[in-house]
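Protein chains in written order, with numbering that gives the first Met the number 0: chain A, 0 to 340; chain B, 0 to 340. We put the beta carbon where it would ideally sit given N, CA and C, even for glycine. Structure first, commentary second.
Protein chains: 2
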Amino acid sequence: MTDKKKLTLKDIGKALNLSVSTVSRALKAHPDIAQETIDLVKKYAEEHHYVPNLLAINFRKNRTFNIGLIVPELVHHFFSTVISGAISEANKQGYNILVSQSNDILKDEEKASRAMLNSSVDGLLISISNETTVGEHLKEFLDEGKAVVQFDKVTEQLPTPMVIVDDFDGAYNAVSHLIEQGYQRIAHIRGRIDVKNACDRYEGYIKALEDASLPILDHLIKPCIAITEEEGYQFTKEMMEGKNPPDAIFCITDVVAFGAMKYLKEKGIAIPEEVGLVGFSNWMVSRVMSPQLTTVNQHGFQMGVEAAKLLLDMIKNQDIAYQETKILKTELIVRASSQKK
Amino acid sequence: MTDKKKLTLKDIGKALNLSVSTVSRALKAHPDIAQETIDLVKKYAEEHHYVPNLLAINFRKNRTFNIGLIVPELVHHFFSTVISGAISEANKQGYNILVSQSNDILKDEEKASRAMLNSSVDGLLISISNETTVGEHLKEFLDEGKAVVQFDKVTEQLPTPMVIVDDFDGAYNAVSHLIEQGYQRIAHIRGRIDVKNACDRYEGYIKALEDASLPILDHLIKPCIAITEEEGYQFTKEMMEGKNPPDAIFCITDVVAFGAMKYLKEKGIAIPEEVGLVGFSNWMVSRVMSPQLTTVNQHGFQMGVEAAKLLLDMIKNQDIAYQETKILKTELIVRASSQKK
DNA sequence: CTGTTAGCGCGTTCAC
DNA sequence: GTGAACGCGCTAACAG
Numbered sequence: 000m001t002d003k004k005k006l007t008l009k010d011i012g013k014a015l016n017l018s019v020s021t022v023s024r025a026l027k028a029h030p031d032i033a034q035e036t037i038d039l040v041k042k043y044a045e046e047h048h049y050v051p052n053l054l055a056i057n058f059r060k061n062r063t064f065n066i067g068l069i070v071p072e073l074v075h076h077f078f079s080t081v082i083s084g085a086i087s088e089a090n091k092q093g094y095n096i097l098v099s100q101s102n103d104i105l106k107d108e109e110k111a112s113r114a115m116l117n118s119s120v121d122g123l124l125i126s127i128s129n130e131t132t133v134g135e136h137l138k139e140f141l142d143e144g145k146a147v148v149q150f151d152k153v154t155e156q157l158p159t160p161m162v163i164v165d166d167f168d169g170a171y172n173a174v175s176h177l178i179e180q181g182y183q184r185i186a187h188i189r190g191r192i193d194v195k196n197a198c199d200r201y202e203g204y205i206k207a208l209e210d211a212s213l214p215i216l217d218h219l220i221k222p223c224i225a226i227t228e229e230e231g232y233q234f235t236k237e238m239m240e241g242k243n244p245p246d247a248i249f250c251i252t253d254v255v256a257f258g259a260m261k262y263l264k265e266k267g268i269a270i271p272e273e274v275g276l277v278g279f280s281n282w283m284v285s286r287v288m289s290p291q292l293t294t295v296n297q298h299g300f301q302m303g304v305e306a307a308k309l310l311l312d313m314i315k316n317q318d319i320a321y322q323e324t325k326i327l328k329t330e331l332i333v334r335a336s337s338q339k340k
Numbered sequence: 000m001t002d003k004k005k006l007t008l009k010d011i012g013k014a015l016n017l018s019v020s021t022v023s024r025a026l027k028a029h030p031d032i033a034q035e036t037i038d039l040v041k042k043y044a045e046e047h048h049y050v051p052n053l054l055a056i057n058f059r060k061n062r063t064f065n066i067g068l069i070v071p072e073l074v075h076h077f078f079s080t081v082i083s084g085a086i087s088e089a090n091k092q093g094y095n096i097l098v099s100q101s102n103d104i105l106k107d108e109e110k111a112s113r114a115m116l117n118s119s120v121d122g123l124l125i126s127i128s129n130e131t132t133v134g135e136h137l138k139e140f141l142d143e144g145k146a147v148v149q150f151d152k153v154t155e156q157l158p159t160p161m162v163i164v165d166d167f168d169g170a171y172n173a174v175s176h177l178i179e180q181g182y183q184r185i186a187h188i189r190g191r192i193d194v195k196n197a198c199d200r201y202e203g204y205i206k207a208l209e210d211a212s213l214p215i216l217d218h219l220i221k222p223c224i225a226i227t228e229e230e231g232y233q234f235t236k237e238m239m240e241g242k243n244p245p246d247a248i249f250c251i252t253d254v255v256a257f258g259a260m261k262y263l264k265e266k267g268i269a270i271p272e273e274v275g276l277v278g279f280s281n282w283m284v285s286r287v288m289s290p291q292l293t294t295v296n297q298h299g300f301q302m303g304v305e306a307a308k309l310l311l312d313m314i315k316n317q318d319i320a321y322q323e324t325k326i327l328k329t330e331l332i333v334r335a336s337s338q339k340k
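Here it is as structure tokens:
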């Protein structure tokens, strides 16, 4: 590796017999500087491939042009889509993105956020872990005067703007669609009780049933803990083998629906004829299952873009107090698994 | 609420009537400093939540404790798995990871790498785009004396260490497995001719046929350009409708195999009885298809870990010249789509 | 043992 | 128009 000495303002000054400050000003075409000087300096800089030392600039201005992004899981279709959107927007505005994951473990999230807080980041985009409730480590960010935007999995305990999906509405539409298709005994394999998204979807489910004057049956509501295929399989088995089994299942997410589908197929129960199935999130898997899974698309890319925009706005206008909550509409994607008619 | 302004060494010095340098040394328990002083300073720093200004440190030491990571696509099961591994290892060693994507477009890759080069990164992990051949923008990294490690999609034009999968071996095993199952006319929907991975897999395919004394049939070898489901569908259609159709298809990747499967199912061609199918990469979709897809697992997480380790080794021992190439073995995952017997 | 001094590269006074 | 000087926070060489 060749150690190429980097050109500095001082070097240029020496070469051109100018002072450092003149060179500095010339490069940004300061009005005080003579046009000839400006041209001269710019030409020299160009020819010798002068690159300003970002480290020095950042140090002086106390900012890094980096923003942090923490998600529960990186290997996850929805989250990677969000990240993709955030990176796209950030890059457009001249920022880079530092990515970390919490694995849904509070300790890991704290470690990641502290690692970023130590001045390597101007602001933070975060989707909190299942274990995060208060978020002391995130308050540290705010205390330092750094911008934070929450997205998707959020907590109201933290006074920051957020970008979320209209989970209530998405669930409501999904369940209403099932009802419209003629299903009457609709089960819900839901998420954790302490997670906002899961609750919103649950509420949407309940509301849809109520609006259609369908009874709410407690034994058809099952709570996942880890949100896995296995849970989907297990709960479906329990319900189908119990009495008064459901004729449709609305699952908190596509993987869970896959577990449910697996059980139904094993038992030769026809989808959608005997049991209808709807997932949530529009993972790539939902298109690949057979029958293809009806699901709720969350526009992850757009969420990433919006979250990044919001954060960068805040960073650039420190004075403004943002408290905005952007709610993105979902889109029901109807496929074979729920089309009885 | 903590103090709004950050505590500096100078502040501590003033408060304790010590010089800045003494404080600095005390905090790192320099042997020259009296134990009492060390204790005193440390206690004060602790109580007042002193956090060293990383920006200043980095500026002075000319490094950032960040490493860059560029992949063709972020929303991609394999790559996100690699990233996950790289982040895990980097964090362990006190580094953060800056992520960007090229979308398989050379221009985007150049932009991303330049954005990172500008002193926001100590080294780079990259999986090059389909369009990258020479990699002038990557040479700039090397010229600046920054470490670069290539992984998965690499070019030999660039003298850097790499971490790759044994694509040849993986393909060889996959095709040998098909042969063992009794398939005789094995097609290959391959990747681009100018991409190394694709060629290695192709070679493995050829070698397996040769070793089994099976003929190589040109009309059963089809080259994808964009590596999509549509191409898989189209090529399979062409081959199945042409004369001397294949009785098995080895696909460059799982999505392509999904396209192939889609066509076969539409036409009522039985998998694996009439046509066997094998993919590559072990995406989550491969488990969800029905029949489940036989595929080649690439140990993405491990690849990320190895690549990060290599890069950090280089960063930490600037003097050592690394030219290592780590080749990770693959693992054939046999599922229903290829089990004729 | 501890303090003084001298930068790192840049931008921003304030003089001339 | 331009230059000199200072400081951002920290480290390291050199004194004492």
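*Where does P214(B) land, buried or exposed, given buried means 16+ other C-beta within 10 angstroms?*
Reading the second sequence from its first residue, position 215 is the one you call residue 214(B). Exposed.
*Classify G12(B) as helix, strand or coil using the three-state DSSP reduction.*
Counted from its first residue, the second sequence places residue 12(B) at position 13. In this structure, G12(B) counts as helix in the three-state DSSP scheme.
*Compare the C-alpha of E179(B) against each of K13(B), G169(B), Q338(B), T252(B) and name the closest.*
Counted from its first residue, the second sequence places residue 179(B) at position 180. With distances taken between Cα atoms, E179(B) lies closest to Q338(B).
_Enclosing beta strand (DSSP E) for V81(A) [first to last residue]_ = Walking along the first sequence from the start, residue 81(A) turns up at place 82. Element bounds for V81(A): not the beta strand (DSSP E) but the alpha helix (DSSP H), 76-91.
_is_contact[Q233(A), chain B] using C-beta, thresh 8 Å_ = For the purposes of this step, residue 233(A) is identified with residue 234 of the first sequence, where counting begins at 1. By this cut-off, Q233(A) is not an interface position.
_V295(B) versus I226(A) - alpha carbon distance_ = Translated into the one-based positions of the second sequence, residue 295(B) becomes position 296. Translated into the one-based positions of the first sequence, residue 226(A) becomes position 227. C-alpha separation (whole angstroms): 26 Å.
*Contact list for S128(B) against chain A, beta-carbon separation under 7 Å*: What you label residue 128(B) is simply residue 129 of the second sequence in a count that begins at 1. Under the 7 Å cutoff, chain A gives no residues; its nearest Cβ is about 15 Å from S128(B).
*From G134(A) to L8(B), what distance separates their C-alpha atoms?*
Position 135 of the first sequence, counted from the first residue, corresponds to residue 134(A). Position 9 of the second sequence, counted from the first residue, corresponds to residue 8(B). Their backbone Cα atoms lie some 29 Å apart in a straight line.
*Under a Cβ-count criterion, where at least 16 other Cβ atoms within 10 Å of its own Cβ denotes burial, should M0(B) be classed as buried or exposed?*
Along the second sequence, read from residue 1 onward, the residue named residue 0(B) stands at position 1. Caution applies to M0(B), whose pLDDT of 31 falls short of 50 and renders its modelled position unreliable; the value that the coordinates give is listed next. When all chains shown are included, M0(B) counts as exposed.
*asked:* If you reduce the DSSP assignment to three classes, tell me which class Q297(B) lands in.
replied: Locating residue 297(B) in the second sequence gives position 298, where the first residue counts as 1. Reduced to three states, the DSSP call for Q297(B) is coil.
*With DSSP as the reference, please indicate the residues paired to E265(A) in a beta bridge.*
For the purposes of this step, residue 265(A) is taken as residue 266 along the first sequence, with counting starting at 1. DSSP, once it has assigned bridges, lists no residue as partnering E265(A).
*Would you say N57(B) faces chain A, with C-beta separation under 8 Å as the test?*
Locating residue 57(B) in the second sequence gives position 58, counting from the first residue. N57(B) counts as touching chain A.
*Beta-carbon contacts of S18(B) that lie in its chain and below 7 Å, excluding the five residues immediately before and after*: Residue mapping note: residue 18(B) aligns to position 19 of the second sequence, counting from 1. Excluding sequence neighbours, S18(B) sits near G12.
_Where I86(A) meets chain B, residues with beta-carbon distance less than 8 Å_ = For the purposes of this step, residue 86(A) is taken as residue 87 along the first sequence, with counting starting at 1. Those within 8 Å of I86(A) in chain B are L73, V98, S99, Q100.
*Can you grab the Cα-Cα spacing for the pair V74(B) / V40(B), in whole Å?*
On the second sequence, position 75 is the one that residue 74(B) refers to. On the second sequence, position 41 is the one that residue 40(B) refers to. If you take the alpha carbons of V74(B) and V40(B), they lie about 48 Å apart.
*Run down chain A in chain order and give the residues with a C-beta less than 9 Å from the C-beta of A225(B).*
For the purposes of this step, residue 225(B) is taken as the residue at position 226 of the second sequence. Here the premise fails: no neighbours, minimum Cβ distance about 16 Å.
*Output yes or no for whether 8 Å exceeds the beta carbon distance between F150(B) and L124(B).*
In the second sequence, residue 150(B) corresponds to position 151, counting from 1. In the second sequence, residue 124(B) corresponds to position 125, counting from 1. Cβ distance < 8 Å, so F150(B) and L124(B) count as in contact.
*So, is the C-beta of S119(B) closer than 8 Å to a C-beta in chain A?*
By 1-based counting over the second sequence, the position of residue 119(B) is 120. Yes - at least one Cβ of chain A is within 8 Å of the one on S119(B).
*Do you know offhand how far E273(B)'s Cα is from L177(B)'s?*
Translated into the one-based positions of the second sequence, residue 273(B) becomes position 274. Translated into the one-based positions of the second sequence, residue 177(B) becomes position 178. About 13 Å.
*Determine the direct distance from the alpha carbon of I185(B) to that of K242(B), and round the result to whole angstroms.*
Taking the second sequence and counting its residues from 1, one reaches residue 242(B) at position 243. Taking the second sequence and counting its residues from 1, one reaches residue 185(B) at position 186. Taking the straight line from one Cα to the other gives about 14 Å.
*So which residues of chain A does M115(B) contact, with C-beta pairs closer than 7 Å?*
Along the second sequence, read from residue 1 onward, the residue named residue 115(B) stands at position 116. Simply N95.
*Could you list the residues in the stretch 29-43 of chain B with a C-beta less than 8 Å from some C-beta on chain A, going in chain order?*
none
_Under 7 Å by beta carbon: chain A residues contacting N61(B)_ = Start at 1 with the first residue of the second sequence, and residue 61(B) comes out as number 62. The answer, in chain order, is L54.
*Whose C-beta lies closer than 6 Å to the C-beta of A28(B) among residues of the same chain, with five residues either side of it excluded?*
Position 29 of the second sequence, counting from 1, holds the residue named residue 28(B). Result list for A28(B): I37, in chain order.
*Where are the alpha helix (DSSP H) runs, 4 residues long or more, that stay fully inside the stretch 102-133 of chain B, in chain order?*
105-116
*Proximity test, Cβ basis, 8 Å: V277(A) and chain B*: Residue mapping note: residue 277(A) aligns to position 278 of the first sequence, counting from 1. Judged by the 8 Å Cβ criterion, V277(A) is not in contact with chain B.
*asked:* Is the beta carbon of V333(A) closer than 8 Å to that of A85(A)?
replied: On the first sequence, position 86 is the one that residue 85(A) refers to. On the first sequence, position 334 is the one that residue 333(A) refers to. Against a cut-off of 8 Å, the Cβ pair of V333(A) and A85(A) comes out as no contact.
*Is the beta carbon of N281(A) less than 8 Å from the beta carbon of Q297(A)?*
Here residue 281(A) refers to the residue found at position 282 of the first sequence. Here residue 297(A) refers to the residue found at position 298 of the first sequence. Going by C-beta atoms, N281(A) is nearer than 8 Å to Q297(A).
_Beta-carbon spacing of A256(A), G278(A) below 8 Å_ = Position 257 of the first sequence, counting from 1, holds the residue named residue 256(A). Position 279 of the first sequence, counting from 1, holds the residue named residue 278(A). Yes, the pair counts as a contact, with Cβ atoms nearer than the cut-off.
_Is it the case that the stretch 48-60 of chain A contacts the stretch 50-64 of chain B, given that we only count it when at least three CB pairs across the two stretches are under 8 Å?_
yes
*Can you give me the Cβ contacts of G122(B) inside the same chain, cut-off strictly under 6 Å, excluding the 5 residues immediately before and after it?*
Working through the second sequence from its first residue, we reach residue 122(B) at position 123. Contacts found: I66, K145, A146, L310, I314.
_Assumed close pair V98(B), L327(B) - CB separation to whole angstroms, cut-off 8 Å_ = Stepping through the second sequence from its first residue, residue 98(B) is reached at position 99. Stepping through the second sequence from its first residue, residue 327(B) is reached at position 328. Contact doesn't hold; Cβ gap of about 21 Å is too wide.
*Could you confirm whether any beta carbon from chain B is found closer than 8 Å to the beta carbon of S23(A)?*
On the first sequence, position 24 is the one that residue 23(A) refers to. Not closer than 8 Å to any Cβ of chain B, the Cβ of S23(A) fails to qualify, so no.
*Pick helix, strand or coil for H47(B), following the three-state DSSP scheme.*
On the second sequence, position 48 is the one that residue 47(B) refers to. In the structure shown, H47(B) sits in coil (DSSP, three-state: anything other than H, G, I, E or B).
*Closer than 8 Å, CB to CB, is N296(B) near chain A or not?*
By one-based count along the second sequence, residue 296(B) stands at place 297. For N296(B), the answer is no, since every Cβ of chain A falls outside 8 Å of its Cβ.
*Is the Cβ-Cβ distance between R336(B) and G275(B) less than 8 Å?*
For the purposes of this step, residue 336(B) is identified with residue 337 of the second sequence, where counting begins at 1. For the purposes of this step, residue 275(B) is identified with residue 276 of the second sequence, where counting begins at 1. According to the sequence displayed, residue 336(B) carries Ser and not Arg. In this structure, G275(B) lies closer than 8 Å to S336(B) by Cβ.
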